[in-house]
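Residue numbers (the numbering used here), protein chains in the order written: chain A, 141 to 254; chain B, 195 to 312.
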């Protein structure tokens with residue numbers, strides 16, 4: 141059974157700092173990996189998707205990397221801003237025939253202090 | 195930009211009542227999903243649906259739960275007799291497959307339906 145772990149569980153940084161969020165997964169036979177942002181009481185906003193054949197994806201100040209063989213992904217946030225404060229979730233997709241299942245980590249709760 | 199829409203955004207019900215949560219997936223998508231998130235916990239997979247049938251379900255998705263695509267556009271989750279522990283945010287998602295669209299496998303989520311069981 142796929143397990144997804146995110147470290148740290150919570151992180152507080154001053155504005156402007158660069159930071160790295162970590163995600164690890166136990167089964168490397170993934171189809172893709174998605175990073176999501178979740179604001180308190182709200183839905184899931186997709187940030188980046190990395191296909192299993194890719195090594196990284198970039199969107200603005202965000203860069204996500206994937207090392208499938210070691211079961212790890214990182215989300216790098218450059219020049220953090222207070223508006224980046226949210227919970228960041230990592231999720232991996234397993235695809236087998238018509239069955240698809242996305243398994244989520246517990247998330248990293250980020251607070252960026254002004 | 196196409197999006198997944200869910201109704202209601204919040205529903206309060208009494209224990210033992212039936213609840214139906216509704217979702218309109220993105221129109222050209224063929225895979226549909228329900229996930230739930232109990233307050234303060236992980237987002238958990240409930241069920242996936244493809245070609246008018248359940249393709250996979252978790253151990254959470256017991257006989258109290260059912261899904262339906264009644265009219266080719268809506269995708270519903272029914273909870274027959276709600277329990278206190280069913281209180282959670284329920285997320286619907288959809289994804290595309292196949293030609294002519296690139297099959298990235300990306301799931302697109304709705305804003306969620308918050309269910310409170312009293």
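Every residue gets a Cβ at the ideal spot worked out from N, C-alpha and C, and that includes glycine.
The model shown is predicted, which means the values in this text are computed figures rather than measured ones.
Nearest residue (CA-CA) to residue i, options the options
i	options	result
residue 203 of chain B	B:250, B:300 and B:282	B:282
residue 259 of chain B	B:304, B:229 and B:301	B:229
residue 248 of chain B	B:222, B:237, B:262 and B:236	B:262
residue 223 of chain B	B:198, B:236, B:270 and B:209	B:198
residue 174 of chain A	A:158, A:252, A:247 and A:221	A:247
residue 177 of chain A	A:229, A:251 and A:252	A:229
residue 166 of chain A	A:142, A:191, A:157 and A:151	A:142
residue 223 of chain A	A:169, A:151 and A:179	A:179
residue 299 of chain B	A:195, A:203, A:190 and A:196	A:190
residue 191 of chain B	B:246, B:233 and B:251	As shown, chain B starts at 195 and ends at 312. That puts residue 191 of chain B outside it, with no answer to give.
CB contact below 8 Å: residue i versus chain C
i	result
residue 300 of chain B	The chain labelled as chain C is not found among the protein chains of the depicted structure, namely A and B.
Cβ shell of residue i (< 6 Å), same chain only, five flanking positions each side left out
i	result
residue 243 of chain B	226 and 261
residue 242 of chain A	231 and 233
residue 164 of chain A	145, 211 and 212
Inter-residue spacing [alpha-carbon to alpha-carbon] between residue i and residue j
i	j	result
residue 155 of chain A	residue 225 of chain A	10 Å
residue 276 of chain B	residue 212 of chain B	6 Å
residue 181 of chain A	residue 214 of chain B	20 Å
residue 219 of chain B	residue 270 of chain B	10 Å
residue 210 of chain B	residue 183 of chain A	27 Å
residue 240 of chain A	residue 255 of chain B	15 Å
residue 215 of chain A	residue 206 of chain A	9 Å
residue 290 of chain B	residue 149 of chain A	32 Å
residue 244 of chain A	residue 231 of chain B	11 Å
residue 187 of chain A	residue 212 of chain A	17 Å
residue 194 of chain A	residue 161 of chain A	19 Å
residue 302 of chain B	residue 287 of chain B	5 Å
residue 206 of chain B	residue 218 of chain A	41 Å
residue 238 of chain B	residue 157 of chain A	32 Å
residue 272 of chain B	residue 192 of chain A	34 Å
residue 308 of chain B	residue 227 of chain A	18 Å
residue 198 of chain A	residue 185 of chain A	16 Å
residue 267 of chain B	residue 196 of chain A	35 Å
residue 233 of chain B	residue 202 of chain A	27 Å
Burial state of residue i (16 or more Cβ within 10 Å)
i	result
residue 265 of chain B	exposed
residue 208 of chain A	buried
residue 280 of chain B	buried
residue 200 of chain A	exposed
residue 235 of chain B	exposed
residue 195 of chain B	exposed
residue 253 of chain B	exposed
Same chain, Cβ closer than 8 Å to residue i, neighbours up to 5 away in sequence not counted
i	result
residue 153 of chain A	159, 220, 250, 251, 252 and 253
residue 151 of chain A	159, 161, 248, 249, 250 and 251
Own chain, CB closer than 7 Å to residue i, minus 5 neighbours either side, in chain order
i	result
residue 306 of chain B	200, 283, 284 and 285
residue 274 of chain B	212 and 258
residue 278 of chain B	209 and 311
residue 235 of chain A	171
residue 168 of chain A	208, 209 and 211
List in chain order: all unbroken beta strand (DSSP E) runs of 3+ residues lying wholly within the region 244-291 of chain B.
247-251, 259-262, 269-273 and 282-289
Contained beta strand (DSSP E) runs [length at least 3] in the region 196-223 of chain A, N- to C-terminal order:
196-199, 202-207 and 212-217
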